[in-house]
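Data block below; observations after.
Residue numbers (the working numbering), protein chains in the order written: chain A, 7 to 357; chain B, 15 to 571; chain C, 21 to 194.
Right, dumping it as structure tokens:
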């Protein structure tokens, strides 16, 4: 019968699809070769991400087994009990139920749930209730529409959008503990290869930790819809070796470089509204509404990852942020060309 | 179509002027007509919501695309979600409930016909109000047009400070108004089922569809109202200077989340339980066996209703609750999978040993079983809160819930269409077009939503109007978008089937499927009064007893 | 009506939860113990109106239409007195203590909760008045006692909610 064949074909098609997508998932999860890492939750580089990945594989195996069992039962019943022409007009045996079978398929899932729950509860506690060791790097993350503020209270550093943390040797762990706050609406800090995401909610401080075991740049972005430019609130986490991290810290702790060639730019910066929103360490500019620009040139992107950090983009951003990130809260400064060039040159000196 | 006069076979009744007919429809209190109105309005919003989805998918076809601006994108996903949940899924299920429940219990109409009409028009008005926002949302601040706060309108994004203008108020008011409509319908369904069953139909002899709509209606009463309360609070914040969710005054954004999800989670069970109802009616008929384990199915449904009230914070695993809270909600969320799984087993048990007929309603039902299983399993994955810390707010969740809503609910609704369209209109839907619809939609659905799990695993968050290249998301998103268009074509085939079959479909007769519940004992379409004489039943399958007097069900129950 | 009461209970529960959650969390402004005075008299009025409506319904069942009207009007009067008391209290809070819905978290949650209840009392009084009008024109007799019973269920619900609100706001919350 055509009907019969099309359904068996249908199941064959579905099985093939299943295998295909599994292959796709495996292909897509290959680790990237460069020092810039991807955003694959199954390529963990830090203990929280690894515990999650391990638990996830366990859950996947169990749910996979359940799927195979039920799918087989379903497929078998569809094929074996299909109505044949010879049976037309006769009804099959009318079976109303079976207490033993019902009990069986209640008890077995209950046991599975118990096992899954216990395995999960262990990981929850291990990650959430991990004590903070002395000497851990502490970062306060403040979410803004649409950028990240990073403050290192014990080190006296304030920066934005690109986080630097030390690599952690599994034998001598050097974790980083992050306190998560928000200045406006809800955000979420998600760098998949380092940890699960945790939200930044105003009036509701949160805490998370990472201990990355590989150096390199880890990517992420805001995961909780926060407004127009939620999509461009990107994260770059640079995990540095001990010397590199030390060097970075020392350079960030210094106030802004004073470069004689940028005097005019600095004067314009302070004369215009720029200093009302931005801070440049060691100068009069101490606005808190926008990112700290003291070491702007140490960052590889601007506008929370929306554009590469180069003079052209800087110029475009200052003149009209909506050309790069429409909906961003930075106003278009509408400066004259000369003023704009001077300010951009000044920005270029903030290494 | 049904008229309000007694049907006299062969009588020459002059055609009514169309103005009269329109007036009949606008003022009807007949549950069958209101059912059709609900379903028709839901189909209209389905197409609109579908267009919004296609716009989203075009924008996401490749990284850094420029098809629409971020502002428009954010309105699209907000309107798509809000429309589909409140103005497609709920009305279509209320519509089927309205049509079928009185017929299945042998009643003349719902308990409160005028409340029924009022509730429908409230719901429809809510939908119109929401869409009026495209025109009227500008308000005084010019920050207008449709709402763009997501269908949850999380605090403080929904507050005056972050959503000036009136766009977000359209969201709030539209849902408040249609919410009251839903409560009216729920009260009606409960009163009808408890009070108007025909003689002999004890509560444990009702068809499972009736049972499940009873449970659903009970859930609506206590699940929709928390949202209404929260929205009243939001309006007080926005217009009277209140501080319910004003974090600067000490208010709590998390409180909104709790209130929203106390509504939001039971809401999805409100949506799926009537679909379980459809499956429980259709699968037995096309397997030629009674439902396996009727009492267990009832118990499992009631169990799901209760447990689902205790799982809401699994939508909040990432907000920083304590490890004890996270563990608790992990446990309850996994636990609710048990009665749900039992139902899947019972449906397979119904098919087991049967003589399965692969008509279109059954094709959709089998696909439902397969897809709902997968959706349930991805749900179990996310129930493990650490796994959820990665998967939440990503495209994995989007894939999961579309798997439930499209792969589960919509497939079940299609099955219900193909099964009951003959009863409602007196004509069979075309099997040929039905199979085209089914296979096209199946392929499109799987292409989109199977693949969609992968970008989530690869770190793609949701609600982003564009994404960065080089993260491995481009090709996947392209495939997802292609699948969406295939689904759109399938929907067009479906709509064509609905229209063509209305005029050209084979006459259905009373009982085209050889089924066993009371609605198949009367003509297709039913007369306005439903039953000429009030039926008396002695078992769960009264028509089986009539057709098989030598072996009635009443002997075995 | 039972269904409606169930749904309304859920709405009130959410407002009560918000009230309890925000107790003690106001950043500024008057606190409950500073400004609230327990409205014992008006509470007694409202709760007695449950008794009078019950008596009215019972009278109607036996077709004592005049007695029914007397108790019914008494119910309306007691309900109206309760609303008057609420209005007086709010007047005092606003003008003497400067507490409004936008003052602080306590103001927001207090006025919302008590206001939502007051709104339901008002709606109830409107419905009761409509029945009173029908009663005066001789249209309410023993055959309407079922409908009157449903309405009095609503009224009892409104009183029961007040018991909860009273306990939460004036007893527990201070």
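Virtual Cβ for every residue (Gly too), placed ideally from N, Cα, C.
*Determine which residues share a DSSP beta bridge with residue 170 (chain A) and list them.*
For the purposes of this step, residue 170 (chain A) is taken as the residue at position 164 of the first chain. Paired residue(s): A:244.
*From B:297, B:488, B:406, pick the residue whose C-alpha is nearest to that of residue 530 (chain B); which is it?*
Translated into positions along the second chain, residue 530 (chain B) becomes position 516. Distance check between residue 530 (chain B) and each of B:297, B:488, B:406 places B:297 closest, using alpha-carbon atoms only.
*Compare the C-beta of residue 130 (chain A) against all C-beta atoms of chain B and say whether one is closer than 8 Å.*
For the purposes of this step, residue 130 (chain A) is taken as the residue at position 124 of the first chain. True, the Cβ-Cβ gap to chain B drops below 8 Å.
*With which residues is residue 214 (chain A) paired in a DSSP beta bridge?*
Start at 1 with the first residue of the first chain, and residue 214 (chain A) comes out as number 208. In DSSP, residue 214 (chain A) forms a bridge with A:184.
*How about the stretch 168-185 of chain A and the stretch 365-381 of chain B: do they share at least three Cβ pairs that are nearer than 8 Å?*
no
_Starting from residue 395 (chain A), trace the beta strand (DSSP E) in both directions and tell me its first and last residue._
Only positions 7 to 357 of chain A appear in the structure, and residue 395 (chain A) is not among them; the question remains open.
*What does residue 359 (chain A) reach in chain B if we use C-beta pairs closer than 7 Å?*
This structure does not reach residue 359 (chain A), given that chain A is present from 7 up to 357, and the question cannot be answered.
*Would you identify the three-state DSSP class for residue 228 (chain A), choosing helix, strand or coil?*
Numbered from its first residue, the first chain carries residue 228 (chain A) at position 222. For residue 228 (chain A), the secondary structure class from DSSP, reduced to helix, strand or coil, is strand.
_Within chain B, partners of residue 53 (chain C) - CB distance below 9 Å_ = Your numbering for residue 53 (chain C) matches position 33 in the third chain. The premise fails here: residue 53 (chain C) is roughly 18 Å from chain B at the closest Cβ pair, so nothing lies under 9 Å.
*asked:* I believe residue 519 (chain B) touches residue 538 (chain B) by the beta-carbon criterion, under 8 Å. Please report the beta-carbon distance rounded to the nearest angstrom.
replied: Here the question's residue 519 (chain B) lines up with position 505 in the second chain. Here the question's residue 538 (chain B) lines up with position 524 in the second chain. The pair is not a contact, with the Cβ atoms about 11 Å apart (cut-off 8 Å).
*Say yes only if the C-beta of residue 196 (chain A) is nearer than 7 Å to one or more non-hydrogen atoms of the ligand NAD, and no if none qualify.*
The ligand NAD is absent from the structure shown, which contains no ligands of any kind.
*For the candidate residues B:145, B:222, B:414, B:214, whose alpha-carbon lies nearest to that of residue 189 (chain B)?*
By 1-based counting over the second chain, the position of residue 189 (chain B) is 175. Ranking B:145, B:222, B:414, B:214 by Cα distance to residue 189 (chain B) puts B:145 first.
_For residue 130 (chain A) and residue 339 (chain B), the rounded distance between their alpha carbons_ = Start at 1 with the first residue of the second chain, and residue 339 (chain B) comes out as number 325. Start at 1 with the first residue of the first chain, and residue 130 (chain A) comes out as number 124. Their Cα atoms are separated by approximately 10 Å.
*CB of residue 6 (chain C) within 8 Å of CB of residue 77 (chain C), strictly*: Given a span of 21 to 194 for chain C in the structure shown, any question on residue 6 (chain C) remains unanswerable.
*Nearest chain A C-beta to residue 220 (chain B) closer than 8 Å, yes or no?*
If you number the second chain from 1, residue 220 (chain B) lands on position 206. Output row for residue 220 (chain B): interface = no.
_Using a Cβ-Cβ cutoff of less than 6 Å, which residues in the same chain neighbour residue 511 (chain B) once the five nearest sequence positions on both sides are dropped?_
Taking the first residue of the second chain as position 1, residue 511 (chain B) is located at position 497. Around residue 511 (chain B): 443, 444, 447.
*Members of the stretch 76-100 of chain B that neighbour chain A once the beta carbon cut-off is set at 8 Å*: 83, 84, 85, 88
*asked:* Using the Cβ count rule (16 or more neighbours within 10 Å means buried), how would you classify residue 152 (chain A)?
replied: Position 146 of the first chain holds residue 152 (chain A). Label assigned to residue 152 (chain A): buried.
*Touch test, the stretch 98-110 of chain A against the stretch 143-157 of chain A, Cβ-Cβ under 8 Å, three pairs minimum*: no
*Thinking C-alpha only, which one of B:124, B:161, B:167 is nearest residue 208 (chain B)?*
Residue numbering aside, residue 208 (chain B) sits at position 194 when the second chain is read from its first letter. When each option's Cα is compared against that of residue 208 (chain B), the closest is B:124.
*Does DSSP classify residue 159 (chain B) as helix, strand or coil?*
The residue you call residue 159 (chain B) lines up with position 145 of the second chain. Coil, per DSSP.
*Does residue 204 (chain B) have its Cβ less than 8 Å from a Cβ in chain C?*
In the second chain, the residue the question calls residue 204 (chain B) occupies position 190. By this cut-off, residue 204 (chain B) is an interface position.
_I'd like to check one pair, residue 183 (chain C) with residue 133 (chain C): are the Cβ atoms closer than 8 Å?_
Start at 1 with the first residue of the third chain, and residue 133 (chain C) comes out as number 113. Start at 1 with the first residue of the third chain, and residue 183 (chain C) comes out as number 163. The answer is no: Cβ separation not under 8 Å.
*Give the interface partners of residue 332 (chain A) over in chain B, defined as CB-CB distance under 9 Å, in chain order.*
The residue you call residue 332 (chain A) lines up with position 326 of the first chain. By Cβ distance, chain B contributes 83, 84, 85.
_Going by beta-carbon coordinates alone, are residue 216 (chain A) and residue 201 (chain A) separated by less than 8 Å?_
Taking the first residue of the first chain as 1, we reach residue 216 (chain A) at position 210. Taking the first residue of the first chain as 1, we reach residue 201 (chain A) at position 195. Going by C-beta atoms, residue 216 (chain A) is nearer than 8 Å to residue 201 (chain A).
_To be precise: take each residue of the stretch 210-222 of chain A, compare its Cβ to all Cβ atoms of chain B, and keep it if any distance is under 7 Å. Which residues remain?_
210, 212
_I need the DSSP call for residue 264 (chain A), collapsed to helix, strand or coil._
Indexing the first chain from 1 puts residue 264 (chain A) at position 258. Looking at residue 264 (chain A) - three-state DSSP - the assignment turns out to be coil, as it is neither helix nor strand.
*Are the C-beta atoms of residue 398 (chain B) and some chain A residue less than 8 Å apart?*
Along the second chain, read from residue 1 onward, the residue named residue 398 (chain B) stands at position 384. Yes, its Cβ sits closer than 8 Å to a Cβ of chain A.
*To the nearest angstrom, report how far apart residue 305 (chain B) and residue 295 (chain B) are at their CA atoms.*
Position 291 of the second chain, counting from 1, holds the residue named residue 305 (chain B). Position 281 of the second chain, counting from 1, holds the residue named residue 295 (chain B). Cα-Cα distance, rounded: 8 Å.
*residue 202 (chain B) and residue 136 (chain B): beta carbons closer than 8 Å?*
Along the second chain, read from residue 1 onward, the residue named residue 202 (chain B) stands at position 188. Along the second chain, read from residue 1 onward, the residue named residue 136 (chain B) stands at position 122. No, these two residues do not count as a Cβ contact at 8 Å.
*Going by CA-CA distance only, name the one from C:57, C:159, C:174, C:71 that's closest to residue 94 (chain C).*
One-based indexing of the third chain puts residue 94 (chain C) at position 74. Among C:57, C:159, C:174, C:71, the Cα nearest to that of residue 94 (chain C) belongs to C:71.
*Supposed close pair residue 350 (chain B), residue 325 (chain B) - CB separation, criterion 8 Å*: Here residue 350 (chain B) refers to the residue found at position 336 when the second chain is read from its first residue. Here residue 325 (chain B) refers to the residue found at position 311 when the second chain is read from its first residue. Right, their Cβ atoms sit about 6 Å apart.
*asked:* Classify residue 111 (chain C): buried if its beta carbon has 16 or more other beta carbons within 10 angstroms, exposed otherwise.
replied: Taking the third chain and counting its residues from 1, one reaches residue 111 (chain C) at position 91. With fewer than 16 Cβ atoms within 10 Å of its Cβ, residue 111 (chain C) is classed as exposed.
*Using a Cβ cut-off of 8 Å (strictly closer), state whether residue 38 (chain C) contacts chain B.*
Start at 1 with the first residue of the third chain, and residue 38 (chain C) comes out as number 18. Chain B, which has a Cβ nearer than 8 Å to the Cβ of residue 38 (chain C), makes this yes.
*Contacts that residue 35 (chain C) makes with chain B (C-beta to C-beta distance below 9 Å)*: Locating residue 35 (chain C) in the third chain gives position 15, where the first residue counts as 1. Residues of chain B passing the Cβ test: 243, 246, 247.
*Determine the chain B residues that contact residue 134 (chain A) at a beta-carbon separation under 8 Å, and present them in chain order.*
Counting from 1 along the first chain, the entry for residue 134 (chain A) is found at position 128. Residues of chain B passing the Cβ test: 336, 337, 340.
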